[in-house]
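Enquirer: Read top to bottom, the protein sequences are chains A and B. To convert, note that position 116 of the first sequence is 116 in our numbering; the numbers rise steadily by one, no gaps. To convert, note that position 197 of the second sequence is 1197 in our numbering; the numbers rise steadily by one, no gaps. C-beta: ideal position from N, C-alpha, C; glycine also.
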Amino acid sequence: MEAFDSRDESGQEHDLESGNSMQLIAFMIGEQVYGVEITTVREIRAWSGATPLPNTHDYVRGVINLRGTIVPIFDLRARFGDGLTDTTKNHVVVVMSVGEKWVGMLVDAVSDILTISKKDVHKVPEGDSMDSELLNGIVTHDSKMVGLIDLDAIVVGAKIEK
Amino acid sequence: MSELDEFKATYFEECSELLGDLEEEFAAIEEGDRDTERLNAVFRAIHSIKGGAGAFGFNQLVEFAHSFETLLDFVRDGRVELTDDVVTLCIRSIDLVADFVGAARDGEELASDFGEEELARFKLLSGEDEEEPMEEFDIDFTPVMVNVGDDDGELPAVPTSDINDETLAGEDENDSFEQAPLAEGHRYWKVDFTPHYELYERANDPLLLFRELGTLGEVEVKAHLVKTPKLKEFDPFGIYCKWEIVLRNEDVSKEDIAEVFEFVEGDCELSISQVMAEADIDSDLVGFEEDMAPEAQTLETQPDQQQELQQELQQDLQHKAEEEAADESMLSLADLAAEIEPAPAPPVREENLVEENKPEQEKAKKAAAKAPAVQSIRVDLDKVDRVVNMVGELVITQSMLNQQMDDKIKAQYQELVRGVEVLAQTTRGLQDAVMAIRAQPVKSVFSRMPRLVRELAKKTDKKIRLEMVGEYTEIDKTIIEQLSDPLTHMIRNSADHGVETPEKRLAAGKSETGTIQLSAEQAGGNIIIAVEDDGAGINRERVLNLARERGVVGPDQQLSDEQIDELVFAPGFSTADGVSDISGRGVGMDVVISNIKKIGGSVHVRSKPGKGTRMILRLPLTLAVLDVMLVEAGDGPYVIPLSSIVETMQCDRADFGFAPSGRRVLQIRGEYVQVIDLVTRFEMTTKVPDNKRFVVLCEGEGSTKVALIVDEIIGQQQVVIKSLEENFERIDGIAGGTILGNGEVALIVDVAGLKQTPEQQSAA
């Protein structure tokens, strides 16, 4: 939890109850900010290596032991086509639930908890196929663009079919 | 009604056990074993099924089971001869009972004429006209008057008889109730009901019976304490209670009442009589109570207590009761009846209630009582699994501790070393004990097979004998559950394709009757289950031709005899000339393989032309913990199941060669073995030079060997298998994951899944 920054937590709970807003966990990959809905996040932990999985795409960094269960780790930078993350102990794994499964996302750092209004979510502009494939939408927060990650799309097709 | 649901679940569990027993017993009976004990056993089983069904109101099942039971009873006392026909009918009927039970469990309604044919045959065989007591009663009923004094010698005949459907009829013939016509006016039914200890043991509940009676008319239930001992001798599990029920409905027949108690016959003393006036009842009662008084005098009377409370209390206590204690504390109704004398009437509702709440006294009594007769408990498999999993983790933690202890620690902390050693021992013991809980004899699967063979023999017009060896070999329950389908397919295959027709057998100089042997034995960490027939063996020429025709085998590929034999397990493969309704569609043998692989086992087949075929299942003893060898390949740790490893050697000592296709092969003891380099197979890189690497020779699917090349061999250990699919998906060549002592994940190599097809290899 060391990379956890919760300075926004108290201030922005305005219309959570109304169902018009949602809270995101925002994390960084390089300069780019991405977010996932906070309810999907199970755990945030420091990177401590993973056992590589054969016959999977590069962006599957391997599997880790999460208190007795085996959880796969996806390198989000590599998933967005930016090459493998050069991991250090300061890198962070965000464990999330996708459907019934738990998966970990390797990111550079967790930056913030954001409360956004659902009506502020914009469609992903056509053009960049990787972005429109892997993002659900884009919101602007503090004049920064936050990509909302489509977890299902990230996870699907990780295995190399022969 | 969650409690009722629980009872139901227990009942259905029992039913499936009983049905299994029935099958087994009838298999023996069909073999010609006409031991009366067997007949008694089947009778009891059907009776129990019927009893529970009655309690839950599964009427179709009750009716069918009742007729079945009647027939069995007649068979038992020789009134119906146990011909082959009757046996066949019975076996068929077991299926039907199973269907009824299944329908009841799933809450389905079967067609009203389901099983009617069998039902009709039961009735025909048991000569319904003379022997259906229930119907007879309806016609010939005469009101009777009870004369308790005379019942002395007669009544015990009822309770002491075996669980016996005839009890009703017997009662009717034998009882000495005076058949006195009653005066016009008020007539009541009086039911004296004294439960035996067994009644509670069979999970019957008087309360339910009384409620059922209540549906017949207005009832008044009075509980009486029979022979209640002194407080300090009071056994909380004893039976001190009897009931008298007055049913105020003249239109009800004696049989109607008897029917309510049908399922507790033999487990209670019961007398049903019609009386004229209230006075009679009271005076009977009075005498009864008075008679009890001497024994009960030290007890406090607590008139305010509700009888239901007492009833329930007694039941609860008696569920766990010890049989002997119960017998001692019980007084038969007949004895009582003999002693009854008129006496002044105490208030009818008054109850004697034992001070059951004093724990010291319970304790004292318990200590005095002999060891309880309870020998088994039913536990949810889930709960056992939780223990198994935890023990698995414990085993691993323990082995991790062991690894952490270097020589320095060992020299410095000897007490610690000793502690860890004890821990290791205890953990091992705990693991064995837990595994033993899950282990069951394979008999539960084997016992379904005789019948299968019988049916197959009939359908194929062959003569087949099934021999079973080692059916008490114990194996994990989960594995047993997975065994049924594969074994069925294997035996079908043996009966259909293996064993020849009697004519062919005679022509080949064999005995007319073919033999299929089903055997189980433990061999090291494995259970070996074999199905062996003395039939014609696999026709290799035809198998190979068919395989080439269907493209399973390439036109130029040369196969050894063993490899050809293994082809029978290829998907969609069948050598049968005609597709019979038994086998031959080519589904089946590949099911065997996939089911067995799923539980970590392997299948082999060996055949000798003209002599027979032997199919062997090799199964792990348990699914929870796996003995493995830890190796390193590329940048990751891998584990290989020890059960599949034949030997290991250093690469520079291995004799590699190249097959004509250019593939690398390992030559070992005159055998050429396919080589798979884990690093290249998994598309990794390694810095370990070739000559420093290791060969792990494994036995893959169908006993063909495969040589795995790894970077390093680290050692043996036990691991708990973890699913990879739980959070990811299945990966070819990987059977799952496991967590090592240092918390790292290691992948389990699926040796059989690693083997590449020839195409993949040539492409590589």
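Residue ranges of each alpha helix (DSSP H) run of no fewer than 4 residues wholly in the stretch 1052–1119 of chain B, ordered along the chain?
Expert: For the stretch 1052–1119 of chain B, whole alpha helix (DSSP H) runs of length 4 or above, ordered along the chain, are 1059–1076 and 1084–1105.
Enquirer: Can you pull the DSSP bridge partners for Ala1746/B?
Expert: For the purposes of this step, residue 1746/B is taken as the residue at position 746 of the second sequence. Partner(s): Thr1738/B.
Enquirer: Using a threshold of 8 Å, state whether the C-beta atoms of Leu1487/B and Val1445/B are closer than that.
Expert: Here residue 1487/B corresponds to residue number 487 of the second sequence, with the count starting at 1. Here residue 1445/B corresponds to residue number 445 of the second sequence, with the count starting at 1. Yes, the pair counts as a contact, with Cβ atoms nearer than the cut-off.
Enquirer: Determine which residues of the stretch 95–107 of chain A have a Cβ less than 8 Å from any Cβ of chain B, and write them out in chain order.
Expert: Cβ contacts with chain B: Lys101, Trp102 and Val103.
Enquirer: Per DSSP, Thr51/A forms a beta bridge with which residues?
Expert: For this step, residue 51/A is matched to residue 51 along the first sequence. In the DSSP output, where bridge partners are listed per residue, Thr51/A has Val63/A.
Enquirer: Under 8 Å between the Cβ atoms of Gly35/A and Ala46/A?
Expert: Within the first sequence, the letter at position 35 stands for residue 35/A. Within the first sequence, the letter at position 46 stands for residue 46/A. In this structure, Ala46/A does not lie closer than 8 Å to Gly35/A by Cβ.
Enquirer: Which residues in chain B sit within 8 Å of Asn136/A, going by Cβ to Cβ distance?
Expert: One-based indexing of the first sequence puts residue 136/A at position 136. The premise fails here: Asn136/A is roughly 22 Å from chain B at the closest Cβ pair, so nothing lies under 8 Å.
Enquirer: For the stretch 62–74 of chain A, which residues have a beta carbon sitting closer than 8 Å to at least one beta carbon of chain D?
Expert: Within the model displayed, chain D is absent; protein chains A and B are what it includes.
Enquirer: Apart from the five residues on each side of it in sequence, which residues of its chain come closer than 7 Å, Cβ to Cβ, to Ile154/A?
Expert: Here the question's residue 154/A lines up with position 154 in the first sequence. So the qualifying residues of the chain are Phe74, Arg79 and Leu134.
Enquirer: How big is the Cα-Cα spacing for Asn1352/B and Phe1193/B?
Expert: As a first step, residue 1352/B must be located in the second sequence, where it is residue number 352. As a first step, residue 1193/B must be located in the second sequence, where it is residue number 193. For Asn1352/B, the predicted structure reports a pLDDT of 44, less than 50, and the residue's modelled location is therefore unreliable. The matter cannot be settled from this model.
Enquirer: Taking only beta carbons into account, state which residues of the stretch 1676–1702 of chain B come closer than 8 Å to chain A, listed in chain order.
Expert: Going along the stretch 1676–1702 of chain B in chain order, one finds Arg1681, Phe1682, Glu1683 and Met1684 with a Cβ nearer than 8 Å to chain A.
Enquirer: Which bits of chain A does Pro1637/B rub up against, with CB to CB less than 9 Å?
Expert: Translated into positions along the second sequence, residue 1637/B becomes position 637. Residues of chain A passing the Cβ test: Thr51.
Enquirer: Helix, strand or coil: how does DSSP classify Ala1203/B here?
Expert: For the purposes of this step, residue 1203/B is taken as the residue at position 203 of the second sequence. Of the three classes helix, strand and coil, the one that applies to Ala1203/B here is coil, per DSSP.
Enquirer: By Cβ distance, which residues of its chain are closer than 7 Å to Leu1506/B, with the 5 residues on each side in sequence left out?
Expert: Locating residue 1506/B in the second sequence gives position 506, counting from the first residue. Closer than 7 Å at the Cβ level, and outside the excluded window around Leu1506/B, lie Glu1512.
Enquirer: Starting from Met22/A, follow its DSSP beta bridges and name the residues at the other end.
Expert: Here residue 22/A refers to the residue found at position 22 of the first sequence. Ile116/A.
Enquirer: Which two residues bound the contiguous alpha helix (DSSP H) that contains Thr1478/B?
Expert: Start at 1 with the first residue of the second sequence, and residue 1478/B comes out as number 478. Run containing Thr1478/B: Lys1477 to Asn1493, per the alpha helix (DSSP H) assignment.
Enquirer: CA-CA distance, Ser1602/B and Thr1010/B?
Expert: Counting from 1 along the second sequence, the entry for residue 1602/B is found at position 602. Counting from 1 along the second sequence, the entry for residue 1010/B is found at position 10. Distance between the alpha carbons of Ser1602/B and Thr1010/B: 35 Å.
Enquirer: Classify Pro54/A: buried if its beta carbon has 16 or more other beta carbons within 10 angstroms, exposed otherwise.
Expert: Within the first sequence, the letter at position 54 stands for residue 54/A. Buried, by the Cβ-count rule.
Enquirer: Examine chain A for any beta-carbon lying closer than 8 Å to the beta-carbon of Ala1746/B, and answer yes or no.
Expert: Along the second sequence, read from residue 1 onward, the residue named residue 1746/B stands at position 746. Yes, Ala1746/B counts as interfacial toward chain A.
Enquirer: Going by the beta-carbon positions, is the gap between Ala1746/B and Thr69/A smaller than 8 Å?
Expert: Stepping through the second sequence from its first residue, residue 1746/B is reached at position 746. Stepping through the first sequence from its first residue, residue 69/A is reached at position 69. No, the Cβ-Cβ distance between Ala1746/B and Thr69/A is not below 8 Å.
Enquirer: Please confirm whether Leu1724/B has its beta-carbon closer than 8 Å to some beta-carbon of chain A.
Expert: As a position in the second sequence, residue 1724/B is number 724, starting the count at 1. Yes, because at least one Cβ of chain A sits closer than 8 Å to the Cβ of Leu1724/B.
Enquirer: How do the stretch 1420–1440 of chain B and the stretch 1463–1478 of chain B stand: do at least 3 beta-carbon pairs fall below 8 Å, yes or no?
Expert: Verdict: yes, contact present.
Enquirer: I need the boundaries of the alpha helix (DSSP H) containing Phe1446/B, first residue and last residue.
Expert: Here residue 1446/B is taken as the residue at index 446 of the second sequence, counted from 1. Start and end: Lys1443 to Phe1446.
Enquirer: Please name the residue in Gly1514/B, Asn1493/B and Leu1544/B whose C-alpha comes closest to that of Gly1535/B.
Expert: Here residue 1535/B is taken as the residue at index 535 of the second sequence, counted from 1. If we check each option's Cα against that of Gly1535/B, Gly1514/B comes out closest.
Enquirer: By a C-beta neighbour count over all protein chains shown, 10 Å radius and 16 as the cutoff for buried, is Glu1355/B buried or exposed?
Expert: In the second sequence, residue 1355/B corresponds to position 355, counting from 1. With a pLDDT of 44 at Glu1355/B, under the threshold of 50, the predicted position of this residue should be treated as unreliable, though the coordinate-derived value follows. Label assigned to Glu1355/B: exposed.
Enquirer: With DSSP collapsed to three states, give me the class of Ala1036/B.
Expert: As a working note, residue 1036/B is residue 36 in the second sequence. Per the sequence shown, the amino acid found at residue 1036/B is Thr instead of Ala. DSSP places Thr1036/B in helix when its eight states are reduced to three.
Enquirer: Near Gly1634/B, what residues of its chain come up, given a Cβ to Cβ distance below 8 Å and the 5 sequence neighbours on each side ignored?
Expert: Here the question's residue 1634/B lines up with position 634 in the second sequence. Closer than 8 Å at the Cβ level, and outside the excluded window around Gly1634/B, lie Leu1678, Val1679, Phe1682, Met1684, Thr1685, Thr1686 and Asp1711.
Enquirer: Just checking: is the beta-carbon of Thr40/A within a distance shorter than 8 Å of some beta-carbon in chain B?
Expert: Residue numbering aside, residue 40/A sits at position 40 when the first sequence is read from its first letter. False, the Cβ-Cβ gap to chain B never drops below 8 Å.
Enquirer: If you count every other CB in all the chains shown that lies within 10 Å of the CB of Thr85/A, and 16 or more means buried, which is it?
Expert: Working through the first sequence from its first residue, we reach residue 85/A at position 85. Counting Cβ neighbours within 10 Å, Thr85/A comes out buried, since at least 16 surround it.
Enquirer: Evaluate the contact criterion for the stretch 1052–1060 of chain B versus the stretch 1004–1019 of chain B: three or more CB pairs, one atom per stretch, below 8 Å.
Expert: Yes, since at least three Cβ pairs between the stretch 1052–1060 of chain B and the stretch 1004–1019 of chain B fall closer than 8 Å, the two stretches touch.
Enquirer: DSSP state of Leu1209/B, grouped into three classes?
Expert: Numbered from 1 along the second sequence, position 209 holds the residue referred to as residue 1209/B. Three-state result, Leu1209/B: helix.
Enquirer: Which residues of chain B have a Cβ atom closer than 7 Å to the Cβ of Lys89/A, listed in chain order?
Expert: Counted from its first residue, the first sequence places residue 89/A at position 89. Chain B residues near Lys89/A: none, gap ~16 Å exceeds 7 Å.
Enquirer: Kindly indicate which three-state DSSP category Val1771/B falls into: helix, strand or coil?
Expert: In this structure chain B extends from 1001 to 1764, so residue 1771/B is not present and cannot be described.
Enquirer: Would Thr1427/B pass as a contact of Val1395/B if the rule is Cβ separation under 8 Å?
Expert: On the second sequence, residue 1427/B is found 427 positions in, with the first residue counted as 1. On the second sequence, residue 1395/B is found 395 positions in, with the first residue counted as 1. Cβ distance < 8 Å, so Thr1427/B and Val1395/B count as in contact.
Enquirer: In or out: Asp1140/B buried (at least 16 other Cβ within 10 Å) or exposed?
Expert: Along the second sequence, one-based indexing puts residue 1140/B at 140. Legend: pLDDT at Asp1140/B = 39, less than 50; position of this residue unreliable, value from coordinates given subsequently. Exposed, because fewer than 16 other Cβ atoms sit within 10 Å of the Cβ of Asp1140/B.
Enquirer: Quick one, which of Asp152/A, Ala109/A and Ile138/A has its alpha-carbon nearest Trp102/A's?
Expert: As a first step, residue 102/A is located in the first sequence; it is residue number 102 there, counting from the start. When each option's Cα is compared against that of Trp102/A, the closest is Asp152/A.
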